Every structure is written in structure tokens, then in C-alpha cells.
Amino acid sequence: MRILAIETSCDDTGIAILDVHPVKSAKGGVLPKAKQFDRVNRSKFNVLSNIVSSQIKIHKKYGGVFPMMAKREHQKNLTPVLKETLRKAKLLKKNQKSNMKSKKYISKIRNIENVLKKEENLLYQLEKFLQDYEKPSVDLIAVTNGPGLEPCLWVGVNFAKVLSYFWNISVVPVNHIESHILVNFLDNQKIEFPAISLIVSGGHTQLILVKGIGKYKIIGETRDDAAGECFDKCAKILGLEYPGGPIISKLAAKTDRRRASIKLPRPMINTKDYDFSFSGLKTAVLYKVRDQVLRIKDKGFIQQMCFEIQQAIVDVLIKKTINAAKNYKVKTIILGGGVSANKELREQLKEKIEKDIPDTKCLIPDYALSTDNALMIAITGYFNKSKKTTWEDIEANANLRIGK
Ligand code: KG4
Ligand code: ZN
Numbered sequence: 031m032r033i034l035a036i037e038t039s040c041d042d043t044g045i046a047i048l049d050v051h052p053v054k055s056a057k058g059g060v061l062p063k064a065k066q067f068d069r070v071n072r073s074k075f076n077v078l079s080n081i082v083s084s085q086i087k088i089h090k091k092y093g094g095v096f097p098m099m100a101k102r103e104h105q106k107n108l109t110p111v112l113k114e115t116l117r118k119a120k121l122l123k124k125n126q127k128s129n130m131k132s133k134k135y136i137s138k139i140r141n142i143e144n145v146l147k148k149e150e151n152l153l154y155q156l157e158k159f160l161q162d163y164e165k166p167s168v169d170l171i172a173v174t175n176g177p178g179l180e181p182c183l184w185v186g187v188n189f190a191k192v193l194s195y196f197w198n199i200s201v202v203p204v205n206h207i208e209s210h211i212l213v214n215f216l217d218n219q220k221i222e223f224p225a226i227s228l229i230v231s232g233g234h235t236q237l238i239l240v241k242g243i244g245k246y247k248i249i250g251e252t253r254d255d256a257a258g259e260c261f262d263k264c265a266k267i268l269g270l271e272y273p274g275g276p277i278i279s280k281l282a283a284k285t286d287r288r289r290a291s292i293k294l295p296r297p298m299i300n301t302k303d304y305d306f307s308f309s310g311l312k313t314a315v316l317y318k319v320r321d322q323v324l325r326i327k328d329k330g331f332i333q334q335m336c337f338e339i340q341q342a343i344v345d346v347l348i349k350k351t352i353n354a355a356k357n358y359k360v361k362t363i364i365l366g367g368g369v370s371a372n373k374e375l376r377e378q379l380k381e382k383i384e385k386d387i388p389d390t391k392c393l394i395p396d397y398a399l400s401t402d403n404a405l406m407i408a409i410t411g412y413f414n415k416s417k418k419t420t421w422e423d424i425e426a427n428a429n430l431r432i433g434k
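According to this note's numbering, the sequence shown is numbered sequentially starting from 31.
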């Protein structure tokens, strides 16, 4: 089975193509079909291409992501990214015969114009692409339909609708949070459940109990800012660029741990629940900077602030995750989302697991697959293939919740 996946939930335009083959048994036969909530994946993934076009350069200028601006960028990027993804997967073929005058073709184009009436930039490029190139050999289209920024989600969903309609390929909606969890199946044939997944991104901070593929329960989440949002807002206060996570982590690494003397709060670290709160940390950073206004240009002060901001966030995330893992007696801890690209979070979490609950496995995606990409959407589309539907029935939902 070949899946073409589309991701546009925030500020990354991603398209990937994934081949899925059944795993052969030792005797060469096909293994029995997996049950719905099985822990073993009886399929092998072969990534044909996975392209992400980041909009960071544009959003850097404005210090954050503005949804309407991100939407415009997705409109511009989607068709070139699709073309490049197909080319890389060796699936891009020029249309030899023109059928542009046929009645069927004209009525199809009219319908596309209807779907993309709010996406004019996209319409023009996509129409031309569909005229110039053949339908590729793809069995299923997967697209993120939520959660995320509403205008951005709709561009991706409408793009998927058009491809699904024009090429007559079914489409499966994918939950972005689930895909940050299931991306871990790429290199693991088997994941032991129950698991706890900590999903930390620019928009979400959730602890999810995972009893199997498709069996999720949110046991805790942030009551205000997400962890990534906290990194981004603190960076802004310190006069650093967007996105805050990578730059704070880079500057924090320049601080000698033994000399770090600034202290910031760890909100909710000792509460018995699994919820988080990061807005108090951001306010504490604001006050510290106001009190030390003369040091705002002092490199050492900024580096120490970065060190302490990162450590405060990491401490809270790890403490709650380990508590949850112990209480739910899980076999695996799964980390995901953009903030999981944070080196200290990855290393300190692994160390803590090794020390406190050494029998628990820890799964963390490659750095490139921690932040948003369409390969994770393809993998999740595969596991949800029974939910495939027609292009008319798919909708974006900015507030989509996992486990509902
Ligand atoms: O999952 P993601 O790519 O997009 C959303 O779905 O939000 O996450 C983006 C977030 C941003 O807030 C960014 O600052 C944060 O991930 N991030 C990091 C690092 N790399 C990205 N946070 C901490 N350390 C990093 N190295
Ligand atoms: Zn994400």
C-alpha cells in the first residue's frame, strides 16, 4: 500500500510518501493480520520521500506565527512541495495526452474551483499541476484534520480533497497528536503497552495514557501555555528570535551548570495530578528581566536565564511523566512533539527512567521527526486506514481531541 500524506497544521508545509509492506514470517509467509489494538505492527515501512518546507524565516520577522500569514504560505508551498515529493519518490510523470477539452475534465475543474474558492493562490498552481502531470500510483491520501490553526488546517484539507476527487483516491483524516505518538512505530516493530506519551509542542502539552493503537486517554494537560509556547514567549522577553526552543537550548548549553545561580519557579511540580501550567514561569521571567533591566544586554545573564528556563520546563515535564509512568505501571514512555527535539529533555528523561524505572522502555523520535512532518501523518493514516472516506466527508477541526 502506498500513502501520500499532507501536514499543514501550523507553520510547516509537509508532504510525504510511504510504502507499507506486510512483514514475512520466518517461513516466508505473510504474518496473520494484526488485531485492532495490537502492540505488534505486522507491516514494514519504506519511506519514499518526506519533505518539509519550513516557514520559520517568515515568522521570525514577526516574532511568532500569524495564522493567516501561515495559511498564505501553505497555499504557495503545497503544489511545489507535492511536485518535489513525487519527483523524489520517482512518481512524477508528465501527462502525455491532453484531455483538457473533454467534458469530464471541464466539469472536474469546475468542482475544484468550487472547493478552492477561498484559496485562489493554491487553485491556480494546483490546476496547472493537475493538467501537466499524471495521476501517481498512490492508494490512500492521509491529511491532518486537527488539532491546529484553523485556517492552516483547512488549506491542507482542501488540498487533500482536490487530489482525492481529481485522482479518485480515498482520504483518511489524521489526528496530529496521535501522529506525534505513532511516528515511533517507524523503527519499532513492537511497542509494549500500556504506555504514557508526553506530547510537547507549540500548541500542546499533554500526558496521554496509551493502551494500544487507537486507545488513548488524556490524563493531564496544560491549563494555560504549552511548553513550546513558554519557550517561545520567554525567548521574546529576552529579545531572542522565534522559535524560542532551539535558541534557548543553544544559549543554555553555554552556561556552566555549577555557576548557574538564577532561580525560577517550577509551577505545579508537586501537585498530585498530571496537569501543567507554564504561564507563571513566563511571568517570573518577565519580572526577573524587569528587575535586572541593566543586564538585558549582558550575554552571561541571558545564557543563565536560558539555562534556568529550560531546566524549569524540563524538571516539571520529567517529574509528571515519571509519576504517571509509575502510577499507571506502564511498560513504555513515548516522547513526541517539537519540544522533544530538546537535547536536555531527551537526555535527562532517559537518565531518570534508567535510575527510577529501569524496566520501562523510552521511545523518542529522531530529531527531524520530533517537529512537524508529513511522514508521521502517513504512518498514522496507515494505522487508521479503516476510517478512510470520500473527499466530501472530510473536515478540519482545530479543537480535535485525542481519545474522543
Ligand atoms: O510540534 P511542533 O513542530 O509544532 C506544533 O505542533 O506546535 O512544535 C513547535 C514547538 C515550538 O514552540 C518550538 O519552540 C519548540 O517546538 N521546539 C523546541 C526545540 N525545537 C523546537 N523547544 C525546545 N527545544 C528545542 N530544541
Ligand atoms: Zn506538532
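In this text, a Cβ means the ideal position worked out from N, Cα and C, and glycines have one as well.
A quick note: this is a predicted structure, and the numbers were derived from the prediction, not measured.
It is roughly 19 Å from the alpha-carbon of Ser227 to the alpha-carbon of Leu405. DSSP places Val50 within a strand segment (E or B) once states are collapsed to three. Assignment of beta-bridge partners to Glu251 by DSSP yields Gln236.
For the 7 Å CB-CB criterion, Val202 and Gly411 form a contact.
In the DSSP assignment, Pro203 forms a beta bridge with Val173.
Ala46 has its CB no nearer than 6 Å to any heavy atom of the ligand KG4. In the structure shown, Ile299 adopts coil according to DSSP, grouped into three states. Listed by position in the chain, the residues whose beta carbon lies within less than 6 Å of some heavy atom of the ligand ZN are His206, His210, Ser231, Gly367, Gly368, Asp402. Relative to the ligand KG4, Phe261 has its C-beta within less than 6 Å of a heavy atom. Ranked by Cα distance from Cys264, the options Thr351, Phe308, Val204, Lys327 are led by Phe308. In the DSSP assignment, Ser84 forms a beta bridge with Asp42. For the set Lys312, Val187, Lys415, Thr252, the Cα lying nearest the Cα of Asp423 is the one of Val187. Excluding its 5 nearest sequence neighbours in each direction, Leu34 has C-beta neighbours in its own chain below 6 Å: Ile47, Val168, Ile171, listed in chain order.
The distance from the Cβ of Val315 to that of Ile267 is about 5 Å, consistent with a contact at the 8 Å cut-off. The three-state reading of DSSP puts Ile407 in helix, counting H, G and I together. Residue pairing from DSSP places Ser79 in a beta bridge opposite Ile47.
Residue burial is scored here from C-beta neighbours: Asp328 has fewer than 16 other C-beta atoms within 10 angstroms and is therefore classed as exposed.
By the Cβ-count criterion, Asn80 is buried, with 16 or more other Cβ atoms from all chains shown falling within 10 Å of its own Cβ. In the structure shown, the three-state DSSP call for Lys382 is helix. In this structure, the ligand KG4 has a non-hydrogen atom nearer than 6 Å to the beta-carbon of Pro273. For the pair His89 and Val82, the CB atoms are not nearer than the 7 Å cut-off. One thing to note: Leu212 has its Cβ no nearer than 7 Å to the Cβ of Phe75.
Thr390 carries a coil assignment under DSSP once its states are collapsed to helix, strand and coil. Straight-line spacing of the CA atoms in Tyr163 and Ile36 works out to 19 Å. Between the C-alpha atoms of Glu251 and Gly244 there is a straight-line separation of about 19 Å. Within the model, the alpha-carbon separation for Ile332 versus Gly274 is close to 13 Å. Considering only Asn129, Cys392, Leu430, the residue with the shortest C-alpha distance to Ile221 is Cys392. The beta carbons of Lys106 and Asn151 sit closer together than 7 Å. Sequence-distant Cβ neighbours of Arg253 in its own chain, meaning closer than 6 Å and more than five residues away, are Asp305, Ser307. Look at the beta carbons and you see the segment 371-390 not touching the segment 284-298: under three pairs across the two are nearer than 8 Å.
Between Gln340 and Ser279, the gap from beta carbon to beta carbon is short of 7 Å.
When DSSP reads this structure, Glu37 sits in a beta bridge with Gly44. For Ala265, the secondary structure class from DSSP, reduced to helix, strand or coil, is helix. Residue pairing from DSSP places Gly242 in a beta bridge opposite Lys245.
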